[in-house]
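These notes are about the structure you will find just below.
Residue numbers (the working numbering): 66 to 387.
In structure tokens, the structure reads:
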């Protein structure tokens, strides 16, 4: 009799679990973006939210929680209940560069979040103003080596990927340049266009129009392969700097301890969306490329990113306050 009761209890638990898995979601899902509207993270999130909504059968509602380089929104994702109704966008900034560059950032991307999938990646690119005399990789590196600290470069903000990616380039090439931080990519691009600052690491989304118009000269792509939008621009690996890759990526994350069945639900839906030709086109129109890594692959990627950016921060002695 006791065995029968145990079997019945186990069956009830399994049935309840199955019912829960089938029932989820039964109310709207909040998707937190740790940045202001209009940026690439926001664009990717809204493309995904619109496509995921009919597949999940519930609205995926985007909420922007910008501030402190993305740390405010990231903290809100981390402290959410692990029930699947609050998830968010994790990026190279919130899961990588900010973690190591800001000494008072207490978030841990490995223990405070559940990694669902890397949704998309935007190539990084180093550009110079069209009037800058050095217009290719070899001459730029030679000039920077000959004049340590003479030149400056722009970034979209201290501690962000634009800052640390350019510092990584300087470390890898044994060169020096002065960092000028701006409040966003827009003002940085404007000053490089004006020639006030000659060099910039940027993501493709912000710089593509200026490259195509001839205002920016591309030095190289910090990406594993050439891209169709700029087929004649080589990767840094092709140019001989094989260790230099620095793209901007945008993934789906939740708070720690998100149940595996919910993770699988989000992952499966995201994979359907990322294989949709319309999604692929919308992403590529914004300079992004669909990725779709497994949760395990995404975890390993974040681990590698933290280690990479920590090496840069340690080498350049970067320590910032939020």
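Glycine included, C-beta positions come from ideal geometry on N, C-alpha and C.
Between the Cα of residue i and the Cα atoms of the options, which residue gives the shortest distance?
i: residue 294; options: 339, 350, 338 and 317; result: 350
i: residue 273; options: 261, 251, 262 and 224; result: 251
i: residue 114; options: 95, 297 and 285; result: 95
i: residue 227; options: 201, 167 and 190; result: 190
i: residue 322; options: 222, 380 and 145; result: 145
i: residue 366; options: 100, 219 and 161; result: 161
i: residue 308; options: 234, 155, 140 and 316; result: 234
i: residue 157; options: 290, 338 and 317; result: 317
Which word fits residue i, buried or exposed, when buried means at least 16 other C-beta atoms lie within 10 angstroms of its C-beta?
i: residue 83; result: In this prediction, residue 83 scores a pLDDT of 48, lower than 50, which makes its location untrustworthy; no coordinate-derived value is stated.
i: residue 165; result: buried
i: residue 341; result: exposed
i: residue 92; result: exposed
i: residue 336; result: exposed
i: residue 175; result: exposed
i: residue 153; result: buried
i: residue 66; result: Caution is warranted here: a pLDDT of 47 is assigned to residue 66, below 50, making its placement in the model unreliable, and no coordinate value can be reported.
i: residue 263; result: buried
i: residue 243; result: exposed
i: residue 373; result: buried
i: residue 382; result: exposed
i: residue 173; result: exposed
i: residue 391; result: For residue 391 there is no data in the structure shown, the boundaries of the chain being 66 and 387.
i: residue 211; result: exposed
i: residue 116; result: buried
i: residue 135; result: buried
i: residue 170; result: buried
i: residue 361; result: exposed
i: residue 128; result: exposed
i: residue 259; result: exposed
i: residue 126; result: exposed
Does DSSP put residue i in a helix, a strand or coil?
i: residue 89; result: coil
i: residue 366; result: helix
i: residue 127; result: strand
i: residue 136; result: helix
i: residue 223; result: coil
i: residue 245; result: strand
i: residue 96; result: strand
i: residue 355; result: strand
i: residue 121; result: helix
i: residue 80; result: Low confidence applies to residue 80: its pLDDT is 44, below 50, so where it sits in the model is not reliable, and the reading given next is rough at best. Of the three classes helix, strand and coil, the one that applies to residue 80 here is helix, per DSSP.
i: residue 74; result: Interpretation of residue 74 is limited by its pLDDT of 42, a score under 50 that renders its predicted location unreliable; the figure taken from the coordinates is listed afterwards. In this structure, residue 74 counts as helix in the three-state DSSP scheme.
i: residue 387; result: coil
i: residue 67; result: Only weak support is given to the placement of residue 67: the predicted model assigns it a pLDDT of 45, under 50, and the question is left unresolved by the model.
Which whole-angstrom value describes the C-beta separation of residue i and residue j, a residue pair presumed to lie in contact below a C-beta threshold of 8 Å?
i: residue 143; j: residue 230; result: The pair is not a contact, with the Cβ atoms about 25 Å apart (cut-off 8 Å).
i: residue 247; j: residue 219; result: 6 Å
Margin query: My parser needs the alpha helix (DSSP H) runs of 4 or more residues fully inside the stretch 247-332; what are they?
Written below: You should have 250-259 and 269-278.
Check: Which parts of the stretch 152-204 are runs of the alpha helix (DSSP H), unbroken and 4 residues or longer, counting only runs that do not cross its ends?
Finding: You should have 163-166.
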